[in-house]
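What follows is a set of notes on a single structure, which appears directly below.
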Amino acid sequence: MRLKLIIGTIIIALLLGVGINYKTVIDQKQADETRIAQITFEAQVNQQKVEDMQKDIAILRRELALQRDVYPTSRGGHRVARYIDGAQVTWYNDMGKTASGTTATSGRTVAVDPDVVPLGSEVEIVMPDGRVFRRIAEDTGGAVKGKVFDVHIDASDEELYELGRTHGVRVFVLDR
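Position 132 of the sequence shown, counting from 1, maps to 132 under the numbering used here, and the rest follow consecutively.
Take a look at the structure:
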């Protein structure tokens, strides 16, 4: 009888052990299935993001192609490094030394914000009426901030006042 009790206890212990192992295996399988479902969902979300980015890239490529029509990559044999749209032009007649050390000269000098256009750069300024001025960024000025360009010309103060400020100017920064 004692032997039957011992054998029965052993059998029960084995069955419990197998049951516990089986429960652990089932729990692990469910955890794995949950993780697989989560990874699959994340993959679908990421795939949608990739597709959205591909659409954005296609749109940007079309816009870039249109910009190349409007803003050419070269002007007068010079490569366009960048362009600035919506700039403003003012005029000045000071004859002193420029920020780059040259003498301000009509037909050559333009004052720029060096954070926008590096000194020494050649620029082509296209006025809204179609007039074009090609100048060298040689000077800076207290009022020349951002997209403001101060073109040097030989003119009286009264003539400068009449010229005023021109808005809607397009500026091409050229490679030298």
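Note that CB positions come from ideal geometry on N, CA and C, so glycine has one too.
Checking the sheet assignment: what are the DSSP bridge partners for residue i?
i	result
A99	Answer by DSSP bridge pairing: none, since A99 is not bridged.
T40	According to DSSP, which records beta bridges pairwise, T40 is partnered with nothing at all.
T24	T24 pairs with nothing; no bridge assigned.
Can you look up residue i in the DSSP assignment and give me helix, strand or coil?
i	result
A58	helix
R135	strand
R79	strand
D32	helix
I84	strand
T109	strand
V144	coil
Where do the N-terminal and C-terminal ends of the alpha helix (DSSP H) with residue i fall, by residue?
i	result
L160	D157 to L163
Going by Cα to Cα distance, which pick from the options is closest to residue i?
i	options	result
N93	G120, F41, G107 and A87	G107
E158	Q38, W91 and R35	W91
E194	V173, R79, T40 and M95	No statement about residue 194 is possible, as the shown extent of the chain runs from 1 to 176 and does not include it.
T105	H78, Q44, V117 and A155	A155
V171	T140, V80, T9 and I36	V80
G168	H78, F149 and Q88	Q88
Could you give the residue range of the beta strand (DSSP E) that holds residue i?
i	result
L174	T166 to L174
I125	E122 to V126
V116	Counting along the chain, V116 falls outside any beta strand (DSSP E), and DSSP gives it neither H nor E.
V151	V148 to H152
8 Å is my cut-off, CB to CB: does residue i come that close to chain C?
i	result
T166	Within the model displayed, chain C is absent; a lone protein chain is all it includes.
* Touching or not, the stretch 36–51 and the stretch 111–131, by the rule of three or more beta carbon pairs under 8 Å? -> no
* To do: Could you tell me whether the stretch 108–117 touches the stretch 136–149, using the rule of 3 or more Cβ pairs below 8 Å?
  => By the Cβ rule, the stretch 108–117 counts as touching the stretch 136–149, because three or more pairs are nearer than 8 Å.
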